[in-house]
Amino acid sequence: MQKSIERIAGDSEGVSYEFPVFRFEGFRFDGSDKAAPSAYLQAALHAGELPGVVAIDALMPMLEKAEAEGRIKGSITIVPQANPIGRAQYHFGEHQGRFHLGTRTNFNRGFPLLAAPDVELLPDTTLGTADQRLKSRLLQLSIGHDIVLDLHCDDEGLAYLYVHTSLWPAMADCAAAMGVDAVILWDEDTDGTFEGASITPYLSLPAEVARFDRRVATVEYRGILDVDGALAGADAEGLYRLLVGRGVILDQALSTPGSFTGIVAPLENIDMMPAPRAGAILYNVKPGDRVAKGALLATIVHAPGEAGGRTQVFAPQAGIILTRRSRRIIRAGEDLLKLVGDRKSADARSGTLED
Ligand SMILES: [Zn+2]
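The sequence shown begins at 2 in the numbering used here and counts up one residue at a time.
Laid out in structure tokens, this is it:
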């Protein structure tokens, strides 16, 4: 395993950012057909989302053991903390890891959507902003790998994957290996998420060149508070199973996981449930709950102690609660939860990537 340090120039003299990259070279067979797939894993692009960081921390000794035993076949590149800019952002004592404070841009938007998987096509970001330089570098590090996983988490939620429709059901074995609860399928990204920028360069290529058996996914590892040793260990085992299952690592002692039995739904089925009033949220449901159409989801206490001071929110359709907020204060129009409906949502906003 080799460790190298990436440096990203800041937006003023004397400021720069660093993050480590770990590479396991593995051995590759001769001939492209027989080449073992390679993998790229990154975590904490949204810098405060740490379940993936601790999962990678638990995964590294497993990779080092495999390397020592000569069992790594394909190269593996690991970026445990992908966003040193966001990691350093504190505003009045509160960490702000989702948006770049200098540009108000979401760290997982605005990645260049290349026409082909060729790093030569990456824009010159020398005169851009630090977050653009970071995005360009992360894409450069990841492009060309067969397996690309971007580890995020939600507020409070189940473990789930965002998967491009071209990769499903080919990725069902990966979902089973990782033990996630749900898979949300998407097919268009105009905002430039990392995942979108990783798959878009392949979409215009002939299928036999694009090889949609390659995996690109955003992993949502439950909630922001689910940073826990036992979960990290289980998630690391899931990632390891995926790498073994796809032939990046050799491990004959590992049993193959069964087929994926979780929820699979298109993005259009998600109801985001905007709050009708500002106030304190009393939830009646939690992630994983199955609800019927018309079920009480939450009560907003907007005028405490007054008659009519509570507003109830009901399920617009039957489905499963995927996520909810971790804080209980809300403004009107902010999203209360994500409901994966059995049918297409009536809300036009449901069809966008929300990671
Ligand atoms: Zn995220």
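Positions of the beta carbon are idealized from the N, C-alpha and C atoms, including for glycine. None of the values given here were measured: they were computed from a predicted structure.
Original post:
Does the distance from the CB of VAL245 to the CB of GLY27 come in under 9 Å?
Top reply: The answer is no: Cβ separation not under 9 Å.
**OP:** Check whether the Cβ of ASP290 lies closer than 8 Å to any heavy atom of ligand 1, and answer yes or no.
**Re:** No - ligand 1 has no heavy atom lying nearer than 8 Å to the Cβ of ASP290.
Original post:
What is the C-beta distance between ASN107 and PHE195, in whole angstroms, given that I count them as a contact (C-beta under 8 Å)?
Top reply: In fact, because the Cβ distance is near 11 Å, the residues do not count as touching under 8 Å.
**OP:** Identify every run of the beta strand (DSSP E) within the segment 52–86, keeping only runs that are complete inside it and at least 3 residues long; order them along the chain.
**Re:** As summarised for the segment 52–86, the continuous beta strand (DSSP E) elements at least 3 residues long and confined to that stretch are 77–80, given in chain order.
Original post:
ligand 1: which residues have Cβ under 6 Å from any of its heavy atoms, chain order?
Top reply: Counting every residue whose Cβ lies closer than 6 Å to a heavy atom of ligand 1, we get HIS47, GLU50, ASN109, HIS153 and ASP356.
Subject >> Strand pairing of LYS4, partner residues [DSSP] >> reply: Per the DSSP secondary-structure output, LYS4 pairs in a beta bridge with PHE23.
Subject >> Identified DSSP bridge partners for THR106 >> reply: Beta-bridge partners assigned by DSSP to THR106: HIS101.
Original post:
Around the C-beta of THR262, are 16 or more other C-beta atoms found within 10 angstroms, so that it is buried, or is it exposed?
Top reply: Classification of THR262: exposed, given that the 10 Å Cβ count is below 16.
**OP:** Count the other C-beta atoms from every protein chain shown that fall within 10 angstroms of the C-beta of HIS47, then say buried if there are 16 or more, exposed otherwise.
**Re:** Taking every protein chain shown into account, the CB of HIS47 has 16 or more other CB atoms within 10 angstroms, so this residue is buried.
**OP:** Report the residue from PRO202, LEU206, ILE264 and MET179 whose alpha carbon sits nearest the alpha carbon of GLY234.
**Re:** Of the candidates PRO202, LEU206, ILE264 and MET179, the one whose C-alpha sits nearest the C-alpha of GLY234 is MET179.
**OP:** Take every Cβ of the segment 336–350, pair it with every Cβ of the segment 280–300, and state whether three or more of those distances are shorter than 8 Å.
**Re:** These segments touch.
Subject >> Straight-line Cα distance separating TYR41 from CYS154 >> reply: Cα to Cα, CYS154 sits roughly 18 Å from TYR41.
Original post:
Helix, strand or coil: which one does DSSP assign to ASP155?
Top reply: Three-state DSSP puts ASP155 in a strand.
Original post:
What are the start and end residues of each continuous beta strand (DSSP E) run of 3 or more residues lying completely inside the segment 215–264, in chain order?
Top reply: For secondary structure counted as the beta strand (DSSP E) over 3 or more consecutive residues, the segment 215–264 holds these complete runs in sequence order: 216–224.
Subject >> Best match in GLY309, ASP182 and ASP188 for proximity to ASP290 [C-alpha to C-alpha] >> reply: Comparing Cα-Cα distances from ASP290 to each of GLY309, ASP182 and ASP188, the minimum goes to ASP182.
Original post:
Which of the three DSSP states, helix, strand or coil, is assigned to PRO170?
Top reply: Note: PRO170 maps to coil in three-state DSSP.
Subject >> Cβ neighbours of ALA293 in the same chain (closer than 8 Å, five flanking residues each side left out) >> reply: Cβ neighbours of ALA293 beyond the five flanking positions: ALA316 and ALA319.
**OP:** With a cut-off of 8 Å on the beta carbons, I'd call ILE9 and ARG138 a contact; round off their distance for me.
**Re:** Right, the Cβ-Cβ distance comes to about 6 Å (below 8 Å), so this counts as a contact.
**OP:** Could you check what DSSP says for PHE28 in three-state terms: helix, strand or coil?
**Re:** In the three-state reduction of the DSSP assignment, PHE28 falls in the coil class, being assigned neither a helical nor a strand state.
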